[in-house]
Amino acid sequence: MVKKSLENEKIIKDIHDYWFKKYNIKNYDPEKNETGIFLNKDIKDDTIFLIFLKNKSFIQCNSKIADIIKIKINIDDENIRFERLKEIFRDAKIDNHDYYFYSDGAHIKEVNEEFDYRLLTKEDLNILNDMKTYCTKEELEMGFVEIDHEGIMGCFDGEKLVSAGSYIYWGDKIGDIGILTHPEYRKRKIGRSVVSKMCDWGMMNNKIPLYRCNDLNIPSCRLANSLNLVNYMHLYEINI
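Numbers in this note's numbering are just positions in the sequence shown, counted from 1, shifted up by 230.
In C-alpha coordinates, the structure reads:
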(Lines of atoms letter the chains of each structure in order from A and count residues from 1; the text may use other names and numbers.)
(Lines give C-alpha, C1' and ligand atoms only; values in the text may rest on other atoms or scores of the structure.)
Protein backbone atom coordinates (compact mmCIF):
# COMPACT_ATOMS: atom_id res chain seq x y z
CA MET A 1 0.00 0.00 0.00
CA VAL A 2 2.86 2.39 0.85
CA LYS A 3 4.59 1.55 -2.45
CA LYS A 4 1.35 2.18 -4.36
CA SER A 5 0.91 5.53 -2.63
CA LEU A 6 4.47 6.56 -3.50
CA GLU A 7 3.98 5.51 -7.13
CA ASN A 8 0.80 7.59 -7.34
CA GLU A 9 2.57 10.60 -5.82
CA LYS A 10 5.29 10.29 -8.47
CA ILE A 11 2.68 10.14 -11.26
CA ILE A 12 0.98 13.26 -9.93
CA LYS A 13 4.34 15.04 -9.65
CA ASP A 14 5.19 14.14 -13.27
CA ILE A 15 1.79 15.44 -14.42
CA HIS A 16 2.21 18.66 -12.47
CA ASP A 17 5.75 19.14 -13.78
CA TYR A 18 4.47 18.85 -17.36
CA TRP A 19 1.74 21.46 -16.94
CA PHE A 20 3.89 23.83 -14.88
CA LYS A 21 6.59 23.73 -17.54
CA LYS A 22 4.05 24.17 -20.34
CA TYR A 23 2.52 27.26 -18.73
CA ASN A 24 5.67 28.52 -16.99
CA ILE A 25 4.10 28.20 -13.53
CA LYS A 26 6.68 28.82 -10.81
CA ASN A 27 6.81 28.99 -7.01
CA TYR A 28 3.84 26.62 -6.71
CA ASP A 29 2.76 25.86 -3.14
CA PRO A 30 0.09 23.10 -3.02
CA GLU A 31 -0.82 24.02 0.56
CA LYS A 32 -1.47 27.69 -0.15
CA ASN A 33 -4.94 28.95 -1.03
CA GLU A 34 -4.11 30.97 -4.13
CA THR A 35 -4.75 31.22 -7.86
CA GLY A 36 -1.98 31.14 -10.42
CA ILE A 37 -2.29 33.46 -13.41
CA PHE A 38 -0.20 32.93 -16.53
CA LEU A 39 -0.36 35.28 -19.46
CA ASN A 40 -0.91 34.52 -23.12
CA LYS A 41 -0.97 37.54 -25.41
CA ASP A 42 -2.71 35.51 -28.14
CA ILE A 43 -5.88 35.02 -26.08
CA LYS A 44 -8.68 37.44 -26.97
CA ASP A 45 -10.24 39.93 -24.56
CA ASP A 46 -13.42 37.84 -24.32
CA THR A 47 -11.81 34.55 -23.27
CA ILE A 48 -10.46 33.07 -20.04
CA PHE A 49 -9.14 29.55 -19.54
CA LEU A 50 -9.76 28.27 -16.01
CA ILE A 51 -7.87 25.15 -14.93
CA PHE A 52 -8.43 23.03 -11.83
CA LEU A 53 -5.36 20.89 -11.24
CA LYS A 54 -5.81 18.70 -8.18
CA ASN A 55 -8.22 21.30 -6.72
CA LYS A 56 -5.89 24.23 -7.38
CA SER A 57 -6.99 27.04 -9.68
CA PHE A 58 -4.98 28.47 -12.56
CA ILE A 59 -6.09 31.10 -15.05
CA GLN A 60 -4.73 31.70 -18.53
CA CYS A 61 -5.65 35.00 -20.18
CA ASN A 62 -4.11 38.12 -21.67
CA SER A 63 -2.61 40.90 -19.53
CA LYS A 64 -5.67 43.17 -19.86
CA ILE A 65 -8.02 40.59 -18.37
CA ALA A 66 -5.43 39.60 -15.76
CA ASP A 67 -5.26 43.20 -14.51
CA ILE A 68 -9.06 43.30 -14.12
CA ILE A 69 -9.05 40.05 -12.14
CA LYS A 70 -6.22 41.21 -9.87
CA ILE A 71 -8.10 44.43 -9.04
CA LYS A 72 -11.24 42.52 -8.04
CA ILE A 73 -9.68 39.52 -6.32
CA ASN A 74 -6.70 38.92 -4.07
CA ILE A 75 -5.30 35.98 -6.02
CA ASP A 76 -2.74 35.29 -3.28
CA ASP A 77 -5.50 34.33 -0.84
CA GLU A 78 -8.28 32.89 -2.98
CA ASN A 79 -8.65 29.72 -5.02
CA ILE A 80 -10.91 31.02 -7.80
CA ARG A 81 -13.91 29.10 -9.11
CA PHE A 82 -16.18 29.89 -12.06
CA GLU A 83 -18.85 31.40 -9.80
CA ARG A 84 -16.30 33.94 -8.57
CA LEU A 85 -15.38 34.93 -12.11
CA LYS A 86 -19.06 35.42 -12.88
CA GLU A 87 -19.22 38.00 -10.09
CA ILE A 88 -16.58 39.99 -11.98
CA PHE A 89 -17.75 39.31 -15.53
CA ARG A 90 -21.56 39.12 -15.39
CA ASP A 91 -21.92 37.71 -18.90
CA ALA A 92 -19.43 34.91 -18.27
CA LYS A 93 -20.47 31.49 -19.54
CA ILE A 94 -18.70 28.19 -20.02
CA ASP A 95 -18.14 27.49 -23.71
CA ASN A 96 -16.17 24.28 -23.26
CA HIS A 97 -15.33 21.90 -20.42
CA ASP A 98 -12.73 19.14 -20.79
CA TYR A 99 -11.92 16.40 -18.29
CA TYR A 100 -8.44 14.93 -17.97
CA PHE A 101 -7.99 11.44 -16.52
CA TYR A 102 -4.95 9.26 -15.91
CA SER A 103 -4.32 5.67 -14.89
CA ASP A 104 -2.37 4.95 -11.73
CA GLY A 105 -2.30 1.24 -12.54
CA ALA A 106 -5.55 0.55 -10.66
CA HIS A 107 -7.73 0.78 -13.77
CA ILE A 108 -10.24 -1.98 -14.50
CA LYS A 109 -8.47 -4.67 -16.51
CA GLU A 110 -11.54 -6.70 -17.50
CA VAL A 111 -12.07 -6.80 -21.29
CA ASN A 112 -14.70 -8.18 -23.66
CA GLU A 113 -13.34 -11.66 -24.38
CA GLU A 114 -15.52 -12.08 -27.48
CA PHE A 115 -12.82 -10.22 -29.38
CA ASP A 116 -9.07 -10.48 -29.95
CA TYR A 117 -6.57 -7.73 -29.12
CA ARG A 118 -3.05 -7.05 -30.37
CA LEU A 119 -0.66 -4.24 -31.20
CA LEU A 120 -0.89 -3.06 -34.80
CA THR A 121 2.04 -2.65 -37.18
CA LYS A 122 2.52 -0.73 -40.43
CA GLU A 123 1.32 -3.86 -42.26
CA ASP A 124 -2.12 -3.15 -40.76
CA LEU A 125 -2.43 0.24 -42.47
CA ASN A 126 -5.06 -0.91 -44.98
CA ILE A 127 -7.39 -2.45 -42.42
CA LEU A 128 -7.07 0.64 -40.21
CA ASN A 129 -7.92 2.90 -43.13
CA ASP A 130 -10.85 0.67 -44.03
CA MET A 131 -12.28 0.96 -40.51
CA LYS A 132 -11.84 4.74 -40.63
CA THR A 133 -14.17 4.97 -43.64
CA TYR A 134 -17.04 4.11 -41.27
CA CYS A 135 -16.20 6.96 -38.87
CA THR A 136 -17.25 10.59 -39.26
CA LYS A 137 -14.76 13.39 -39.90
CA GLU A 138 -15.36 14.70 -36.38
CA GLU A 139 -14.72 11.26 -34.87
CA LEU A 140 -11.46 10.93 -36.82
CA GLU A 141 -10.29 14.35 -35.62
CA MET A 142 -11.21 13.69 -31.99
CA GLY A 143 -9.90 10.11 -31.93
CA PHE A 144 -6.77 10.81 -34.01
CA VAL A 145 -5.43 7.27 -34.38
CA GLU A 146 -2.58 6.74 -36.86
CA ILE A 147 -0.58 3.64 -37.75
CA ASP A 148 2.77 5.32 -36.94
CA HIS A 149 1.70 6.30 -33.41
CA GLU A 150 3.15 4.53 -30.39
CA GLY A 151 1.35 1.68 -28.66
CA ILE A 152 -1.38 1.37 -31.27
CA MET A 153 -3.77 -1.34 -30.07
CA GLY A 154 -6.34 -3.10 -32.23
CA CYS A 155 -9.49 -5.04 -31.42
CA PHE A 156 -10.57 -7.70 -33.91
CA ASP A 157 -13.74 -9.60 -34.69
CA GLY A 158 -12.11 -12.47 -36.54
CA GLU A 159 -10.00 -10.78 -39.21
CA LYS A 160 -11.99 -7.53 -39.05
CA LEU A 161 -10.54 -4.54 -37.18
CA VAL A 162 -13.40 -3.04 -35.16
CA SER A 163 -11.57 -0.64 -32.81
CA ALA A 164 -8.13 0.92 -32.47
CA GLY A 165 -6.38 3.25 -30.05
CA SER A 166 -2.98 4.93 -30.00
CA TYR A 167 -0.79 7.34 -28.05
CA ILE A 168 0.36 10.88 -28.75
CA TYR A 169 3.18 11.71 -26.35
CA TRP A 170 3.23 14.93 -24.36
CA GLY A 171 6.85 15.28 -23.38
CA ASP A 172 8.72 12.19 -22.21
CA LYS A 173 6.24 10.64 -19.79
CA ILE A 174 2.61 11.41 -20.65
CA GLY A 175 0.75 9.56 -23.40
CA ASP A 176 -2.56 11.02 -24.64
CA ILE A 177 -4.92 8.22 -25.72
CA GLY A 178 -6.95 8.44 -28.93
CA ILE A 179 -9.63 5.84 -29.69
CA LEU A 180 -11.82 4.93 -32.68
CA THR A 181 -14.51 2.25 -32.80
CA HIS A 182 -16.51 0.97 -35.76
CA PRO A 183 -20.10 2.31 -35.39
CA GLU A 184 -21.61 -1.17 -35.72
CA TYR A 185 -19.60 -2.37 -32.70
CA ARG A 186 -20.30 0.39 -30.23
CA LYS A 187 -22.04 -0.20 -26.88
CA ARG A 188 -20.26 -3.56 -26.58
CA LYS A 189 -17.49 -2.33 -24.24
CA ILE A 190 -14.93 -2.59 -27.02
CA GLY A 191 -13.57 0.95 -26.68
CA ARG A 192 -13.36 0.41 -22.93
CA SER A 193 -11.43 -2.81 -23.50
CA VAL A 194 -8.97 -1.18 -25.91
CA VAL A 195 -8.31 1.73 -23.52
CA SER A 196 -7.74 -0.75 -20.68
CA LYS A 197 -5.23 -2.67 -22.81
CA MET A 198 -3.54 0.61 -23.74
CA CYS A 199 -3.25 1.60 -20.09
CA ASP A 200 -1.55 -1.74 -19.42
CA TRP A 201 0.87 -1.13 -22.30
CA GLY A 202 1.58 2.43 -21.19
CA MET A 203 2.34 1.47 -17.60
CA MET A 204 4.62 -1.36 -18.75
CA ASN A 205 6.51 1.12 -20.94
CA ASN A 206 6.91 3.73 -18.18
CA LYS A 207 4.34 6.11 -19.64
CA ILE A 208 1.46 7.83 -17.86
CA PRO A 209 -1.75 6.96 -19.77
CA LEU A 210 -3.84 10.11 -20.14
CA TYR A 211 -7.45 10.16 -21.33
CA ARG A 212 -9.25 13.36 -22.30
CA CYS A 213 -12.96 13.84 -22.86
CA ASN A 214 -15.46 16.67 -23.18
CA ASP A 215 -18.49 17.03 -20.93
CA LEU A 216 -20.71 16.93 -24.03
CA ASN A 217 -19.32 13.52 -24.96
CA ILE A 218 -21.18 11.53 -22.32
CA PRO A 219 -20.17 8.03 -23.56
CA SER A 220 -16.49 9.03 -23.42
CA CYS A 221 -16.85 10.33 -19.86
CA ARG A 222 -18.66 7.14 -18.86
CA LEU A 223 -15.85 5.09 -20.37
CA ALA A 224 -13.25 6.85 -18.22
CA ASN A 225 -15.30 6.43 -15.06
CA SER A 226 -16.09 2.77 -15.82
CA LEU A 227 -12.35 2.05 -16.00
CA ASN A 228 -11.72 3.68 -12.62
CA LEU A 229 -9.41 6.26 -14.19
CA VAL A 230 -8.43 9.19 -11.96
CA ASN A 231 -9.95 12.57 -12.84
CA TYR A 232 -7.13 14.97 -11.97
CA MET A 233 -7.84 18.06 -14.05
CA HIS A 234 -10.66 20.20 -15.46
CA LEU A 235 -10.13 22.78 -18.20
CA TYR A 236 -12.84 25.39 -18.80
CA GLU A 237 -12.97 27.80 -21.71
CA ILE A 238 -14.99 30.76 -20.47
CA ASN A 239 -16.49 33.47 -22.65
CA ILE A 240 -16.85 36.84 -20.93
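Ideal placement from N, C-alpha and C gives every residue a C-beta, glycine not left out. It should be emphasised that the depicted structure is a prediction, and the values quoted were computed from it without experimental measurement.
Neighbourhood of residue i by C-beta distance below 6 Å, restricted to the same chain and skipping five residues each side
i      : result
Ile281 : Phe288 and Leu465
Cys365 : Leu410
Val398 : According to the sequence shown, residue 398 is Ile rather than Val. Correct list, in chain order: Asp406.
Lys323 : Asn469
Ile382 : Leu350 and Ser396
Asn444 : Asp328
Nearest neighbour of residue i, chosen from the options [CA to CA]
i      : options                           : result
Lys294 : Lys284, Asp272, Arg348 and Asp306 : Asp272
Lys252 : Gln290, Thr277 and Phe345         : Gln290
Tyr347 : Asp360, Arg452 and Ser426         : Ser426
Asp378 : Val392, Asp354, Asp360 and Gly388 : Asp354
Lys417 : Arg442, Glu317, Asn342 and Cys429 : Asn342
Ile190 : Tyr330, Cys443 and Leu283         : In the structure as shown, the chain starts at 231 and stops at 470, and residue 190 therefore has no counterpart that could be examined.
Leu459 : Ser393, Ala336, Ile241 and Cys385 : Ala336
Tyr332 : Ile468, Thr363, Leu453 and Asn359 : Leu453
Arg422 : Leu350, Val392, Ala296 and Ile242 : Val392
Gly401 : Asn436, Lys262 and Asp328         : Asn436
Glu376 : Met361, Phe386 and Asp387         : Met361
Lys419 : Glu344, Lys316 and Ile318         : Glu344
Gly384 : Lys302, Ile241 and Ile357         : Ile357
Expected contact under 8 Å - CB spacing of residue i and residue j to nearest Å
i      : j      : result
Ser450 : Ile338 : Not a contact, Cβ separation roughly 16 Å.
Asn270 : Asn254 : Their Cβ separation, rounded to whole angstroms, is 10 Å, which puts Asn270 and Asn254 out of contact at 8 Å.
Ile267 : Ile298 : Not a contact, Cβ separation roughly 11 Å.
Asn312 : Glu467 : According to the sequence shown, residue 312 is Phe rather than Asn. Contact flag wrong, Cβ pair sits at about 11 Å.
Ala296 : Leu350 : Not quite, the Cβ-Cβ distance comes to about 46 Å (not below 8 Å), so this is no contact.
Glu264 : Ile305 : 6 Å
Beta-carbon proximity list for residue i, same chain, < 8 Å, skipping 5 on both sides
i      : result
Asp244 : Lys403, Ile404 and Ile438
Tyr330 : Leu440, Tyr441, Arg442, Asn461, Tyr462, Met463, His464 and Leu465
Tyr248 : Trp400, Gly401, Lys403 and Ile404
CB contact check: residue i to chain B, cutoff 9 Å
i      : result
Gly401 : You won't find chain B in this structure, because it holds only one protein chain.
Any non-hydrogen atom of the ligand MN closer than 8 Å to residue i Cβ
i      : result
Glu317 : For the ligand MN, the structure offers nothing, since it holds no ligand at all.
Minimum length 3: unbroken beta strand (DSSP E) runs contained in the stretch 384-451: 390-400, 404-411 and 438-444
Residue ranges of each alpha helix (DSSP H) within the stretch 242-314, 4 or longer: 293-302
Whole beta strand (DSSP E) elements within the stretch 305-383, 3-residue minimum: 323-332 and 346-349
Contact the stretch 365-381 vs the stretch 407-416: 3+ CB pairs below 8 Å: yes
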